[in-house]
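In this text, residue positions in the sequence shown follow my numbering: the first is 94, and each later residue adds one.
Quick reminder that beta carbons are idealized off the backbone N, C-alpha and C, glycines included.
If you're wondering where the values come from, they're calculated on a predicted model, not measured in any experiment.
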Amino acid sequence: RDEILRNYRREPNVDDAILYFDSMADYVDELRKLQRELRHMI
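Structure (structure tokens):
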């Protein structure tokens, strides 16, 4: 998070990009699960 807030230019890193993509995909999956559960409750 600090890296993002500092906003320094840095060299491209494929491993970091893959980790970021995977974590965002997991986050979106969890949001979809929550949305599905809420939809059933309403």
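Where residue i falls: helix, strand or coil (DSSP)
{"i": "tyrosine 101", "result": "coil"}
{"i": "isoleucine 111", "result": "helix"}
{"i": "arginine 94", "result": "coil"}
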